[in-house]
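*Asks:* Going down the list, the protein sequences come from chains A and B.
Just so you know, we're using the working numbering here: the first sequence kicks off at 50 and counts up by one.
Just so you know, we're using the working numbering here: the second sequence kicks off at -9 and counts up by one.
Glycine included, every Cβ here is placed at the ideal spot set by N, Cα and C.
Take a look at this one; I'll ask things after.
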Amino acid sequence: MNFLPRRPAAFFPALAIAAAFAFGWLPALAESPEEKGLRIALEAEARDRGFGNYTADQTMVLRNKRGQESERHLRISVLENEADGDKSLIVFNRPRDVKGTAMLTHSHKVEDDDQWLYLPALKRVKRISSSNKAGSFMGSEFAYEDMTSQEIEKYTYRWLRDEPCGEMTCWVSERAPVGKNSGYTRQVSWVDQDEYRIWKVEYYDRKKMHLKTLTVPSHQQYLDKHWRADEMMMVNHLTGKSTRLIWQNYAFGADLDDSDFTKVSLKRAR
Amino acid sequence: MTDTAISATRVERFGTGVLRWRWPILALTILFVTAMAAGGQYLKISNDSRIFFSEDNPQLIAFEALEATYTEANTVLIAVAPKDESGGAGIFTPDALTAVAELTEQGWLLPYSTRVDSLTNFSHSWADGDELIVEDLVADTADLSAADLARIEDIALNEIQLVNRLVGADGRTTAVLVNFVMPDDDVEAVEEVSDQVKKVVEKARENHPDLNYYVTGSVITSRAFGDATMDDLSTLGPIIIVVIFIVMAFLLRSITGTIATLLVVLFAAITAMGFAGWSGMVLSSGNVGAPTIIMTVAIAHSVHVISTVMLGMRSGLDKREAILESLRVNFHPVFLTTITTAIGFLSMNFSDAPPFHNLGNLVALGVVSAFVFALTFVPAFIYILPLRVRPRVEGQKAFFDAFGEFVVRRRALLLWGMAAIMIGLAAGVPQVELNDNWTKYFDERYEFRRDTDYIINNLTGVEAFEFSLPAGGEGAINDPEYIANVDRFAEWYRGQPKIIHVSAFPDIMKRLNKNMHGDDPAYYRIPDEHDLAAQYLLLYELSLPFGRDLNDQIDIAKSATRMTVIGRDMSAKEQRASADAANQWLKDNMPEGMATEATGLTMMFAYISKRNIEGMLRGTVIAMALISLILIVALKSLPIGLLSLVPNFVPAAMAFGLWGYLIGNVGVAASVVTAVTFGIVVDDTIHFLSKYLRARRERKLDAQNAVRFAFRSVGHALWTTTAVLAAGFVVLSTSGFEVNWSLGVLTAMTIVIALAADFFFLPPLLMKLDRSKS
């Protein structure tokens, strides 16, 4: 009965059922699943709007089928940019041989993102060719597109159902990429109805097979507003490999502006 | 013979009991067989090409470790070549490249696929100012100009990672290689994938009819293993039944007798296969010969029982007396031969290959159940049904009288002549080369084999040596010294005989270094600094599209890289030699931590025979010792028992020698032949020697007359059972699957040679050595 979301209790159940039957034949009057899916995504984005910028430390723990583990340490800075897309800077700290390498991303709402990498050993900035966001990020089970904020415009949405998740209720929606460079045909996400946090995402590959699952065990709220994941667990069901991405030391409202997210600034990123 | 008075009466009581309870026996037999048959519905058929390897097989363990570190290596390779053989542009035409691009796209859509590599999606990298561009080699197949095609051809034929792997060196064949991660032990997944591949290829054939398509790869191999199993199951069974029917009708000349025999072998096969179903055994190409072998070796029991009954009736006994007499005479020898045959097959449990355990156990069970049916069901059945006995053609008896006479008279010549033949044939054993090649497990009736042969001849090889080369610590693969070492190893391997392709990590590094220096060919070398190499690699990895990452070549800790060496048309011996040389080279030339050993499916099969023979050696010795001990006890003579070893053991050596002269290559089946045939051929010796000894002991005949007596008594029976056994194993040899084929041929050869040894060598040997009290 999604067409009566605001005041379901105001109706007698019988009336509600009658209404459901009556309006059920007139979908134009109701919010379509596509509209609802988009509305949830828009609302989630709107709630996070205004964070300005933040920095955080990331630790990735890669695990192969034999149980061997390997770590990657990164530091990420993100600058909100409502006009086009957010800007982000990732500085690699470990493995040691890539320490100081920095990746700058200017994401765009519609076109492909721009990306540059600064190689300290070469003391040069290299542009990374576009269309690469679906590949494995540093050998992990995360693709770059799984890790960063994703612009609404790059997907189409569809609400599927409501489902209890823990003590809350989640909207289960799917989204499909618009561009052809994604490795996925669709992603199904679980977003709680209280705070619009993502708890789980299932990734379906090009043959529509359930390839990976992302789970988020816990979130923290910053500045009384912005929810951020403490940890993300990505499991590849096909290969048996997994990657744990741990987020630490979130800091909002640092002294960052556009000049910190340019090709020139890459070289001094540390 | 061995019957003591007490056991004789016991056997007699058993005989009268069987006839009295004939109806219950009949009913019980049918009930029992029906119950066992119900297990058939639980029979599982596996198409796992790794089923021949036990869980503790060192080559399998090494390979699975490699797969768990990098990625599982299940593949489908679809090769494409223009139909027009005469010159032209080969595969560098818009049509061929479009077909490859479409197949590449379809590859991603195949179930369980994780990676697709092809000429069109090859991650070609180049520099454009400060940009590293990584792009599909053929990004768009629409509007390919002649210049585009020439550029693509130039890049492809000079790309070390493509030539002789995805592009033939002559540019006339190319391929799409799809990698899969298959769910564990999933028969249906293999069928699903291979069926889907077939559809994809059919579609391509329709859209691009000027191209030929060839399909191989480990998933297709698995499918062929499954198909071969089904083929053998559905064709060998009916053939063997027809053969048995014809041979029995001819030998026994009795409808009732023939039907009784046929029922016994069917019951025995059903009992064993039903048991396999109930107990959850898995049928595979390696043990699907079980019903055929059971039906073959189970015949002898009933033949002995029925022919003795008919012999008795012909000599004037009534049916009841003839049956009782037959049971009395046959109980012990049939029991004895059952035990020896069962021991021979049970020794297959010493093999390293799990399918052979099941095969041995099933045949042993079948033989034992055939023994029970032959002594209970057969007498009850022929007692109830009419049994007509026709007067015997006396020719055969006369023949074996004359034959015995011949052997006695020419004993010296035969003894030395046979000894010479034995030594001459056995001398061929060193010519036998252990050679298992899983693509050659299938004969040319299988499309898989024909396609694979084409691919070997025109594109690439199917022998792959995999090395996981440790760099000695996290991130250490970026150490220029390590890269240089791997490069030396790769270069060394490229110079080895029959090696046509080596994929190694340094090639990526060299190409990147060149790209980072504005594509200057002078920089096609290993970067000078560790950090620089690491950062190049990071940049490259960040540039690769979905599913095209390096995780199949680099471990997660960047502490080891994988090197894949492809050989063309190598025998298992050459494969072992190549791997040994590589392992040794690594030991001699590389830092200590880098030494590793070759692994992969190829290595597993290269060592399968050797490893199985090692296991079976113990099994064969134990089986021989047990059987000989039984013989000594049964014959109550140590010297004769020991003497019997010669005609029992030598035939296998002779058969292998003959094989060595005629064919040479032998696979994993060879490991079990000696033990299996020992249990079978010993039956002939038991029958011959027991008659010989009876003549010596009871009739006090001298050695020569005892030989004449033995020939007259059992010559015909031995000849016929050997003919049946040989026919049965010849049927097995019609299998299109090498393991079953060679098991059939080798066993048939051994059985025939064993009869020759029993007829031409054993008697002269007895006459020569057994000169005691005459």
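How is W11(B) classed by DSSP in three states: helix, strand or coil?
*Replies:* DSSP places W11(B) in coil when its eight states are reduced to three.
*Asks:* What is the C-beta distance between P496(B) and A512(B), in whole angstroms, given that I count them as a contact (C-beta under 8 Å)?
*Replies:* Rounded, the Cβ-Cβ distance is 17 Å, inconsistent with contact.
*Asks:* Quick check: the Cα distance between R478(B) and N579(B), rounded to an integer number of angstroms?
*Replies:* Taking the straight line joining both Cα atoms gives about 9 Å.
*Asks:* Which residues of the region 108 to 141 of chain A have a Cβ closer than 8 Å to any Cβ of chain B? Give them in chain order.
*Replies:* Residues L111, R112, N113, K114, R115, Q117, E118, S119, F141.
*Asks:* Can you look up D118(B) in the DSSP assignment and give me helix, strand or coil?
*Replies:* If DSSP states are grouped into helix, strand and coil, D118(B) belongs with the strands.
*Asks:* Which word fits F639(B), buried or exposed, when buried means at least 16 other C-beta atoms lie within 10 angstroms of its C-beta?
*Replies:* So F639(B) ends up on the buried side.
*Asks:* Taking R552(B) as the query, report the chain A residues whose CB atoms sit under 9 Å from its CB, ordered along the chain.
*Replies:* Correct list: empty, because the minimum Cβ distance to chain A is about 13 Å.
*Asks:* To which residues does DSSP link V589(B) through a beta bridge?
*Replies:* Rather than Val, the amino acid found at residue 589(B) in this sequence is Thr. Answer is E456(B), bridged to T589(B).
*Asks:* So who's on the other strand from A225(A), going by DSSP bridges?
*Replies:* A225(A) pairs with T205(A).
*Asks:* Alpha helix (DSSP H) containing Y472(B): first to last residue?
*Replies:* Residues 470 to 484.
*Asks:* At what residues does the beta strand (DSSP E) containing A512(B) begin and finish?
*Replies:* A512(B) -> no beta strand (DSSP E), and no H or E assigned at all.
*Asks:* Taking C-beta pairs closer than 9 Å, name the residues in chain B that L171(A) reaches, listed in chain order.
*Replies:* Simply M506, L522, Q525, Y526.
*Asks:* Relative to the C-alpha of I653(B), which residue among M606(B), V721(B), L736(B) is closest?
*Replies:* Checking every option, the nearest Cα to that of I653(B) belongs to L736(B).
*Asks:* Inspect the CB distances between the region 559 to 576 of chain B and the region 584 to 595 of chain B and report whether three or more fall short of 8 Å.
*Replies:* As far as the Cβ criterion goes, the region 559 to 576 of chain B touches the region 584 to 595 of chain B, which means the pair count is three or higher.
*Asks:* Please list the partners that M258(A) has in chain B, where partner means a Cβ-to-Cβ separation under 8 Å.
*Replies:* In chain order: P101, Y102.
*Asks:* Relative to the C-alpha of F301(A), which residue among A105(A), A90(A), F141(A), A95(A) is closest?
*Replies:* Answer by Cα proximity: A105(A).
*Asks:* Is V240(A) closer than 9 Å to W220(A) when the C-beta atoms are compared?
*Replies:* Yes.
*Asks:* From what residue to what residue does the alpha helix (DSSP H) around T225(B) run?
*Replies:* Segment 208 to 242, the alpha helix (DSSP H) holding T225(B).
*Asks:* Considering only residues of the region 73 to 101 of chain B, which uninterrupted alpha helix (DSSP H) runs meet the minimum length of 4 residues and lie entirely inside it, listed in chain order?
*Replies:* Counting whole runs of 4 or more residues, the region 73 to 101 of chain B contains the alpha helix (DSSP H) stretches 84 to 99.
*Asks:* Kindly indicate the opening and closing residues of the alpha helix (DSSP H) around G215(A).
*Replies:* G215(A) -> no alpha helix (DSSP H), and no H or E assigned at all.
*Asks:* Beta carbons nearer than 8 Å to chain E: which residues of the region 528 to 540 of chain B have them?
*Replies:* The chain inventory of the structure shown lacks chain E, comprising the protein chains A and B.
*Asks:* Using beta-carbon positions only, say whether V422(B) and N730(B) come within less than 9 Å of one another.
*Replies:* No. Outside cutoff.
*Asks:* Would you say L263(A) faces chain B, with C-beta separation under 9 Å as the test?
*Replies:* So no, L263(A) is outside the interface.
*Asks:* With a floor of 4 residues, list each alpha helix (DSSP H) that falls wholly inside the region 498 to 581 of chain B, ordered by position along the chain.
*Replies:* Complete alpha helix (DSSP H) runs here, min 4: 520 to 533, 562 to 579.
*Asks:* Mind checking Y32(B): buried by the 16 CB within 10 Å criterion, or exposed?
*Replies:* That one is exposed.
*Asks:* Between the region 60 to 73 of chain B and chain A, which residues of the former have a C-beta closer than 9 Å to a C-beta of the latter?
*Replies:* Listed by position along the chain: Y60, T61, E62.
*Asks:* Who are the Cβ neighbours of G119(B) in its own chain at under 7 Å, not counting the five residues just before and after it?
*Replies:* So no residue of the chain qualifies.
*Asks:* Which residue wins for smallest C-alpha separation from A225(A), given the options E194(A), N142(A), G149(A)?
*Replies:* When each option's Cα is compared against that of A225(A), the closest is E194(A).
*Asks:* Can you find a CB in chain B that lies within less than 9 Å of the CB of T150(A)?
*Replies:* Interface residue, yes.
*Asks:* Please identify, using Cβ separations under 9 Å, the residues of the region 228 to 244 of chain A that lie next to chain B, in order along the chain.
*Replies:* The region 228 to 244 of chain A vs chain B, Cβ under 9 Å: N230, S231, G232, Y233.
*Asks:* By Cβ distance, which residues of its chain are closer than 8 Å to W296(A), with the 5 residues on each side in sequence left out?
*Replies:* Excluding residues within five positions, the ones whose Cβ falls inside 8 Å are A105, D106, Q107, R277, A278, D279, E280, M281.
*Asks:* Identify whether L349(B) lies in helix, strand or coil by the three-state DSSP scheme.
*Replies:* Three-state result, L349(B): helix.
*Asks:* Give the secondary structure of Q199(A) by DSSP, where H, G and I count as helix, E and B as strand, and everything else as coil.
*Replies:* Coil at Q199(A), not helix or strand.
*Asks:* Starting from S137(A), follow its DSSP beta bridges and name the residues at the other end.
*Replies:* S137(A) is bridged to V127(A), T154(A).
*Asks:* Please say whether K290(A) and V174(A) have beta carbons closer to each other than 9 Å?
*Replies:* No, they are not a contact pair.
*Asks:* In the structure shown, what three-state DSSP assignment does Y280(A) receive?
*Replies:* The residue asked about is misnamed: residue 280(A) is Glu in this sequence, not Tyr. Correct three-state label for E280(A): strand.
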